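Report on one structure; see the data block that follows.
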Amino acid sequence: MARPKYREGELTARERLEDAFWELLAQHPVGEITVGMLCARAGCNRGTFYYHFEGIEDMAARVAAESLPNQIPALVRGYLADGAVSVDFDEAAKRDVERLALLVGRHSSPELARTVKAALVKSRLDDLGIEWESLGAQGRVIVSFMADGLLGALAQHVEEGGEGPGLDAMFAAVFDTFSKPALDYLRKCLPEQG
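Adding 1180 to a residue's 1-based position in the sequence shown gives its number in the working numbering.
Okay, structure coming up:
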């Protein structure tokens, strides 16, 4: 049987699989999600799934890296530069934040949460031009602590159904809790500005 052709304006098979993953993760622990469940919801076959992903863990890791909201680097840079910044999250960014929180929330697994944290840390350090190895032990502890705090706040935000402060206020509260010495230390790690 020939492979179905992609029609412009329709979601690709990979997009349908990803949407199915997010829908299922909102309802089931990641360990209970099967390739069969994903394929049934996405309307594709197992061959299509394995064409795009090696397995559920691979899919989760890849969608985690792809779901890091684009606004977070601007927030991080702003707080490191002068301690104050405001970013308005559009609907797509809010969706990405909610998806990111699903990856570390009650339906996650310890391995998936570690994968998300590693992707977040790597992405943000890359944005800032900082190598993990160049931070030293204290810098790595600070970055890990900040990532854990951010992911914990995101998970709580989604677990509470988005009630309470908006995303910008939530990010401000998270960043404001990190002491001036911690931010000063990270500022020292930034590459020299020409």
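Ideal Cβ positions, reconstructed from N, Cα and C, are used throughout, including at glycine. If you're wondering where the values come from, they're calculated on a predicted model, not measured in any experiment.
With burial defined as no fewer than 16 other Cβ atoms inside 10 Å of the residue's Cβ, what is the status of residue i: buried or exposed?
i	result
glutamate 1198	buried
phenylalanine 1233	buried
leucine 1335	Note that residue 1335 corresponds to alanine in the displayed sequence, not to leucine. When all chains shown are included, alanine 1335 counts as buried.
valine 1284	buried
glutamate 1271	exposed
phenylalanine 1325	exposed
alanine 1353	exposed
lysine 1368	exposed
glutamate 1195	exposed
glutamate 1311	exposed
I think residue i touches residue j, with their Cβ atoms under 8 Å apart; what is that distance to the nearest whole Å?
i	j	result
arginine 1221	glutamate 1203	6 Å
Would you kindly work out how many angstroms separate the C-alpha atoms of residue i and residue j, rounded to a whole number?
i	j	result
aspartate 1276	leucine 1282	10 Å
glutamine 1207	histidine 1287	8 Å
valine 1180	alanine 1317	Residue 1180 is absent from the model: the chain starts at 1181 and stops at 1374.
serine 1247	glutamate 1188	24 Å
cysteine 1219	glutamate 1291	23 Å
valine 1131	leucine 1280	With the chain running from 1181 to 1374 in the structure shown, residue 1131 is simply not present.
glycine 1223	alanine 1193	8 Å
leucine 1331	alanine 1349	15 Å
alanine 1273	glycine 1227	31 Å
aspartate 1307	proline 1209	31 Å
tyrosine 1231	alanine 1293	25 Å
methionine 1239	alanine 1327	22 Å
glycine 1341	glycine 1329	19 Å
asparagine 1225	valine 1321	44 Å
alanine 1241	glycine 1235	10 Å
isoleucine 1213	leucine 1191	21 Å
glutamate 1278	methionine 1217	22 Å
phenylalanine 1351	leucine 1205	24 Å
Find out if the Cβ-Cβ distance for the pair residue i, residue j is shorter than 8 Å.
i	j	result
glycine 1211	serine 1314	no
valine 1323	valine 1296	no
tyrosine 1365	glycine 1319	yes
alanine 1333	alanine 1245	no
valine 1215	phenylalanine 1201	no
Got a sec: does the ligand GTP put a non-hydrogen atom nearer than 7 Å to the Cβ of residue i?
i	result
tyrosine 1365	Inclusion of the ligand GTP in the displayed structure is not the case, the ligand content being empty and no account of it being possible.
Output the residue ranges of the alpha helix (DSSP H) runs that lie fully inside the region 1200 to 1237 and measure 4 residues or longer, sorted by chain position. Listed in chain order, they are 1215 to 1222, 1226 to 1232.
Which whole runs of the alpha helix (DSSP H) in the region 1266 to 1331 are 4 residues long or more, in chain order? Within the region 1266 to 1331, the complete alpha helix (DSSP H) segments at least 4 residues long are 1271 to 1284, 1290 to 1308, listed from N- to C-terminus.
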